[in-house]
Structures are given as C-alpha cells and as structure tokens.
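Undergrad: The sequence shown begins at 16 in the numbering used here and counts up one residue at a time. What follows is a structure written as structure tokens; I'll ask about it next.
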Amino acid sequence: MKRKKTIPLSHIWKKSISNWKTKYRLVIKNDSTHHVKLTFLLSPKNIFVVVITSAVILVMLTAMLIAFTPLRVYVPGYTTPDEYREYKKLALRIDSVDILLKQNQQFIDNVYLVLSDQIKAEEKQKEAVEERETVEKEDYKKSDAAILMEEEAERIAQQYGNERINASTMPLTKRADIETFFPFPPAKGVIVNSYSVANKHFGIDIRNKKNSLIYSIDKGIVIFSGYDVQNGNTIIIQHEGNIISKYQHNNRLIKKVGEKVQKGEIIATMGSSGNAEAGNHLHFELWYNGFPINPLEYITIDL
Numbered sequence: 016m017k018r019k020k021t022i023p024l025s026h027i028w029k030k031s032i033s034n035w036k037t038k039y040r041l042v043i044k045n046d047s048t049h050h051v052k053l054t055f056l057l058s059p060k061n062i063f064v065v066v067i068t069s070a071v072i073l074v075m076l077t078a079m080l081i082a083f084t085p086l087r088v089y090v091p092g093y094t095t096p097d098e099y100r101e102y103k104k105l106a107l108r109i110d111s112v113d114i115l116l117k118q119n120q121q122f123i124d125n126v127y128l129v130l131s132d133q134i135k136a137e138e139k140q141k142e143a144v145e146e147r148e149t150v151e152k153e154d155y156k157k158s159d160a161a162i163l164m165e166e167e168a169e170r171i172a173q174q175y176g177n178e179r180i181n182a183s184t185m186p187l188t189k190r191a192d193i194e195t196f197f198p199f200p201p202a203k204g205v206i207v208n209s210y211s212v213a214n215k216h217f218g219i220d221i222r223n224k225k226n227s228l229i230y231s232i233d234k235g236i237v238i239f240s241g242y243d244v245q246n247g248n249t250i251i252i253q254h255e256g257n258i259i260s261k262y263q264h265n266n267r268l269i270k271k272v273g274e275k276v277q278k279g280e281i282i283a284t285m286g287s288s289g290n291a292e293a294g295n296h297l298h299f300e301l302w303y304n305g306f307p308i309n310p311l312e313y314i315t316i317d318l
C-alpha cells in the first residue's frame, strides 16, 4: 500500500507567493465571429486590491447614506429626530423630579425633627432647665469661634465708636466680593432691634412665635453648634468668601458642628434660650472679613 505524499506548508506558501504576481489575461470575444471585445490583464494581487478597495468604499457610502439621509429612520433600533427630542425632554424632567424629591425629603425630615421636638417639648423642658442651671453654676467654657467673635466685636466697638460699618467703608477689593452676595432670609418675623455699633449690637433681632423655622443664609459649614449661657443655643456657619453668619437664642439646634448646609436649609427653631430679654426671637449677625456688617443691607425680612 502506497503512502500519500505529504506536501509541506512551506512549499504551499512559497507556491502561493510565487503565483501572487503571476499575470493572467482575461479575453472577452464574440462567440460568433471570435472578435475580441475586451481584454483584461489580471493578477491575484490586483484582484485582491480591487476587492478590498471596493468593499471599503461600499461600507463608507452605506454609512454616509444612513447617517446623512432620512433613510436612517428605517434602520431597526434607530430613533427618529422627534423621538430623540422627546427622550431628551423626558430625561430632563426625570432629573428635575429627582432633585425635587430629594429637596422634599430633606424638608420632610427637617419638619419631622421640628414636630418631634414639639411633641417632646414638655418632657425635655424640665431636663433642659436643670441642665442649664448646672452649666451656669460651672465655669462654662465658650467655643473658640464665639470667643474670637466677641473679642473682635469689642475691638471694633472701641475703634469705630459711633461710626457706621457697612460695605461702603470697606476697601474696594473686599467690597467686590460682598456686593455679589445674595443671602437667603434667616427667618420670618418682625425686627425688634436693629444693627448698632454704638450700642455694641452687631446684628438684628427678629421676633416670631416659638419654634418658627430658622434657615441658613447660604451654603457653608457649621463651625459651632451649642449652648452659651449669655446667647443660648447658638449656631455659627462659615460661608464662602470669608463670610460668617451667627444665629443665637434658638430653641432647638438641628445642625451639628462639621455638617454642610445649603442655602435656605433649616438649621434651628426660634426660641428664647440664654439671656433673651426680647422673648422668642432670633439674634442674627453677619460678618465679613472680620467685620460685622448690617444684615438689612443684603436681606429683606418678611412677616
């Protein structure tokens, strides 16, 4: 029995390469007269190049036809311009609804905290009185932020006396930042005490009923949240641009030190904690670059 002769791959490869450039003549004749009509000189190399080039051109023309003509709407899965506009509108609506839901949830959480505080107010009132009496008996240590602000207020009162401190008395470089500041009203109510450097009253007093909501005037970080014998439950917030807002005599503090707050976010409820002679009210101060400024020059208080 004869064994089949195996042809090595190298031989096949060499033979294919040798035939790559071999030229062939394609002749088209009239079958009746044998007259030559056309003659083509071809090779495997030329045929390969022509086929690949034709395929690339065909793919490009098809892509352009689909991309730049109305025929693309007939391609399965391709959206029409009207559908694309509708999808875009729906995406924007969904995003807006998501933001609104988060804001509403935050508002509901804050209202729940306020309401739960009102429900438990009678139970906590006795404990709060005992706690404050204990604090007053001890040598209560104020926060560093509160001490620094009081020292700065004393220095400004001695330096400026009856002069009025506002944005117009600041250097131009500092004035540019504060003039673009549009704060949110810290609370609703009636102003019972105005800003006065001469009387060492570096803010305004806003009176309203107990547990009225108090808001952050702008986004920032809470740098102090606690009880002060003189000023009661106090919150101090550091805002962008060297702006500090101070909220005193609150009934309940909702935000803690280190928490980030947004513009118009509830941070406390109104009360009469500390030595509050005006009853339920908010003492609000606005500081800029180490100077107390009149909040009424930037904020309108509604009833």
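Ideal Cβ placement from N, Cα and C applies to all residues, glycine included.
Can you give, in chain order, each stretch of the beta strand (DSSP E) that sits fully within the segment 186–223 and has at least 3 residues?
TA: 205–208 and 218–222, all fully within the segment 186–223.
Undergrad: At what residues does the beta strand (DSSP E) containing P59 begin and finish?
TA: P59 -> not in any beta strand (DSSP E); alpha helix (DSSP H) instead, spanning P59 to F83.
Undergrad: Starting from the Cα of I258, find the closest Cα among F196, G241, I316 and H49 and give me that residue.
TA: Out of F196, G241, I316 and H49, F196 has the C-alpha closest to the C-alpha of I258.
Undergrad: Cα separation between Y303 and L297?
TA: One C-alpha to the other measures close to 20 Å.
Undergrad: Excluding five sequence neighbours on each side, which residues of the same chain lie with their C-beta closer than 6 Å to the C-beta of F55?
TA: Same-chain partners within the cutoff: L41.
Undergrad: Tell me whether S69 is buried or exposed, calling it buried when 16 or more other Cβ atoms sit within 10 Å of its Cβ.
TA: S69 comes out exposed.
Undergrad: Determine the DSSP secondary structure at S240, reduced to helix, strand or coil.
TA: S240: strand per DSSP, three-state reduction.
Undergrad: Taking the DSSP output, what are the residues bridged to K44?
TA: Answer by DSSP bridge pairing, in chain order: V51.
Undergrad: Do the segment 262–269 and the segment 204–217 touch if we need at least three Cβ pairs shorter than 8 Å?
TA: Judged by Cβ distances under 8 Å, the segment 262–269 makes no contact with the segment 204–217, as fewer than three pairs qualify.
Undergrad: What is the residue span of the beta strand (DSSP E) that T249 lies within?
TA: G247 to H254 is the extent of the beta strand (DSSP E) around T249.
Undergrad: For L339, which residues from the same chain have a beta carbon less than 7 Å from its beta carbon, with the 5 sequence-adjacent residues on both sides left out?
TA: Limits of the chain in this structure are 16 at one end and 318 at the other, which puts residue 339 out of reach.
Undergrad: Considering only the alpha carbon of each residue, which of R267, K275, L228 and L268 lies closest to V237?
TA: V237 has its Cα closest to that of K275, out of R267, K275, L228 and L268.
Undergrad: Using 10 angstroms around the beta-carbon of I282, count the other beta-carbons present and answer buried if the total reaches 16, otherwise exposed.
TA: By the 10 Å Cβ count, I282 comes out buried.
Undergrad: DSSP three-state label for A106, please.
TA: If DSSP states are grouped into helix, strand and coil, A106 belongs with the helices.
Undergrad: According to DSSP, W35 sits in a beta bridge with which residue or residues?
TA: Note: W35 sits in no beta bridge, so no partner.
Undergrad: Exposed or buried, M75, counting other C-beta atoms within 10 Å across all chains shown (16 or more means buried)?
TA: So M75 counts as exposed.
Undergrad: Looking at the unbroken beta strand (DSSP E) that takes in Y313, where does it start and where does it end?
TA: Neither: Y313 is in no beta strand (DSSP E) and is coded neither H nor E.
Undergrad: Would you say Y303 touches the ligand FAD, meaning its beta carbon is less than 8 Å from a heavy atom?
TA: As for the ligand FAD, it is missing from this structure, which has no ligand bound.
Undergrad: Under 9 Å between the Cβ atoms of G247 and G289?
TA: Yes, Cβ-Cβ distance for G247 and G289 is below 9 Å.
Undergrad: Roughly how many whole angstroms lie between the Cα atoms of I251 and K103?
TA: Those two C-alpha atoms are separated by around 42 Å.
Undergrad: Could you check what DSSP says for L268 in three-state terms: helix, strand or coil?
TA: It is a strand residue.
Undergrad: Tell me the DSSP bridge mates of G235?
TA: Partner(s): H254 and V276.
Undergrad: Taking I193 as the reference, which of F83, V207 and N309 has the closest Cα?
TA: Closest option to I193, Cα to Cα, is N309.
Undergrad: Can you look up S227 in the DSSP assignment and give me helix, strand or coil?
TA: In the structure shown, S227 sits in coil (DSSP, three-state: anything other than H, G, I, E or B).
Undergrad: Can you list, in chain order, the residues of its chain with a C-beta nearer than 8 Å to that of K38? Leave out the 5 residues immediately preceding and following it.
TA: Same-chain partners within the cutoff: L56, L57 and S58.
Undergrad: For N119, which of K36, K29, A202 and E280 has the nearest alpha-carbon?
TA: Among K36, K29, A202 and E280, the Cα nearest to that of N119 is on E280.
Undergrad: Assign L301 to one of three DSSP states: helix, strand, or coil.
TA: Residue state, collapsed to three classes: strand.
Undergrad: Taking the Cβ atom as the reference point for each residue, do E255 and K234 lie within a distance shorter than 9 Å?
TA: Yes, Cβ-Cβ distance for E255 and K234 is below 9 Å.
Undergrad: Contact defined as beta carbons within less than 8 Å: I believe T284 pairs with P200. What is the distance between those atoms, to the nearest angstrom?
TA: Their Cβ separation, rounded to whole angstroms, is 15 Å, which puts T284 and P200 out of contact at 8 Å.
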